[in-house]
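Some notes on the structure that comes next.
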Amino acid sequence: MAMGSLIRATNLWGYGDLMQKLGADPEPFLKRFDIPQGIEHQDDAFVSLDAFVRMLEASCAELDCPDFGLRLARWQGLDILGPIAVIARNAQTLFSGLSSIAQYLYVHSPALKLTVAPPTAGCNVEFRYEVTNLAFYPLQGYELSMANAVRMIRLLGGPEARPRAISFMHDQLGSDAAYSDSLGCTVRFGQTWCGFEVPHHLAGRPIDSADPETRRIATKYLEAHYLPSTATLSERVTELARRLLPTGQCSADVISDQLAMHPRTLQRRLATEGVRFQDLIERERRDQAAKYLAEPGLHLSQITGLLGYSEQSALNRSCRRWFGQTPRQYRAGLPVSRLNA
């Protein structure tokens, strides 16, 4: 079984309890989808992602429970993420905690992706969620994930913390009351993306119980056990820059916090690899600019935000430095084949 088709078995927490509460025996469902009973209690155990989400769909359909995924989240939340939860719980802010989850979510399942999108005009921060490596769209899987996201936000940001809104690509499955009880915010269906929006003021809220030393220890453990040994610090910084540039939060302080090290330590360790932090950011910005300018559907104002600039004049100056041309001149000189690629 390919690693990309696995998910941490902790995603089964509460499945048996919910089935029994609904008057059903969970064992036949587990057997049908070849999921060992009790595996969710084993440390670092994984199950087939395809089998797991198909079992959710079957449970929903056969028990006539359209909000099955929403209900299951009541037994789950942040702790299903294991060591990732420790890192998130000890981040400086809610945004940093959620970004840590996005950064390391592949440890929970390589098929799950959480990315930070550019802030909207209303200053919300969008976290976009995607399940990959499946031959079908897992309705209950997406609803379970968003209900878990709400629980994570409340745990990290305080009991009254909640997303501004949640978006689903599918149509409404359960009742209005089911979504209100589980999500507690505006829910939009039939959207072009799935994910949640966090108000800007909430994203910056400090996590009072955060312990930097615990975060450093958990990060060290996770990187030692899950990250490839060939990954250099400069590669990790570049990957973080790629994710953080659209947020406007791509500073040495933020990235060093994501890596659980002091900014001076970050600069010193990069120097041993023969690179400087600002050079890495500059290179990544240039690479992303070339990619975005080749997308004819992206306006220059959008590209400005995607690169972490607050004003288009900054983009103009950078493009002159990188390419010797303004953004419009650079785009006009691209071959048609690249623009349509």
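The numbering of the sequence shown is the working numbering, which starts it at 42 and goes up by one. We put the beta carbon where it would ideally sit given N, CA and C, even for glycine. Values in this document were obtained by computation on a predicted structure and should not be read as measured data.
For a minimum of 4 consecutive residues, which ranges assigned as the alpha helix (DSSP H) are wholly contained in the segment 49-75? 56-62 and 67-73
Is E325 buried or exposed, if buried means 16 or more other CB atoms sit within 10 Å of its CB? buried
Measure how close the beta-carbons of C164 and H241 come, nearest whole angstrom, since I'm counting them as under 8 angstroms. 4 angstroms
Is it right to say H149 is buried, meaning 16 or more other beta carbons lie within 10 angstroms of its own, or is it exposed? buried
For K154: DSSP bridge partner residues: E171
Given 8 angstroms as the limit, is there contact between the segment 307-318 and the segment 140-149, that is, 3 or more CB pairs closer than that? no
Taking its Cβ as the centre, do 16 or more other Cβ atoms sit within 10 Å of D108, making it buried, or is it exposed? buried
Assuming G198 is part of the alpha helix (DSSP H), what are its boundary residues? L180 to G198
May I ask you to verify whether the segment 135-142 touches the segment 71-83, counting CB pairs closer than 8 angstroms and requiring at least 3? no
Please state whether DSSP places S206 in a helix, a strand or coil. Rather than Ser, the amino acid found at residue 206 in this sequence is Ala. DSSP places A206 in strand when its eight states are reduced to three.
Is it true that the CB of A335 sits closer than 8 angstroms to the CB of L375? yes
Residues in its own chain within less than 6 angstroms of Q213 by CB, not counting five upstream and five downstream? F230
DSSP state of R369 mapped onto helix, strand, coil: helix
Are the CB atoms of I121 and T173 within a distance shorter than 8 angstroms? no
Proximity below 8 angstroms, CB of I76 to CB of M60: no
Tell me the residue span of the beta strand (DSSP E) that contains R229. T227 to R229
Residue range of the beta strand (DSSP E) that includes V316: Note, V316: premise wrong, no beta strand (DSSP E); not H, not E.
Give the straight-line distance between the Cα atoms of S270 and I48, rounded to the nearest whole angstrom. Only weak support exists for where S270 lies, its pLDDT of 49 falling under 50; the value from the coordinates is given anyway. Using only the alpha carbons, I get a separation of about 22 angstroms.
On a Cα-Cα basis, can you pick out the residue from A355, H266 and S137 that is closest to V239? S137
Spell out the partners DSSP gives S89 in its beta bridges. L47
Roughly how far, in whole angstroms, is the beta-carbon of Q181 from the beta-carbon of C101, given that I think they are within contact range, below 8 angstroms? 5 angstroms
Out of curiosity, what's the CA-to-CA distance linking G388 and E98? Limits of the chain in this structure are 42 at one end and 382 at the other, which puts residue 388 out of reach.
Any 3 or more C-beta pairs closer than 8 angstroms across the segment 214-228 and the segment 255-269: no
Same chain only: Cβ atoms within 8 angstroms of Q308, ignoring 5 sequence neighbours per side: A293, R317 and F318
Given a threshold of 16 other Cβ atoms within 10 Å of its Cβ, counted over all protein chains shown, does Y170 qualify as buried or as exposed? buried
Mapping the DSSP letters down to three states, classify G236 as helix, strand or coil. strand
Every unbroken beta strand (DSSP E) within the segment 82-150, with a cutoff of 3 residues, ordered by chain: 87-89
Looking only at its own chain, which residues have a Cβ that is under 7 angstroms from the Cβ of G198, when we skip the five neighbours before and after it? L135, L243 and R246
Look at the alpha carbon of L63 and the alpha carbon of R203, and state the distance between them as a whole number of angstroms. 28 angstroms
Taking only three categories from DSSP, how would you classify P376? coil
Taking only the alpha-carbon atoms, compute the straight-line gap between G346 and A158 and give it to the nearest angstrom. 10 angstroms
Quick one: residues in its chain with C-beta nearer than 6 angstroms to the C-beta of F209, no 5 flanking neighbours on either side, listed in chain order? F230 and C235
Rounded C-alpha distance that separates L53 from V278: 33 angstroms
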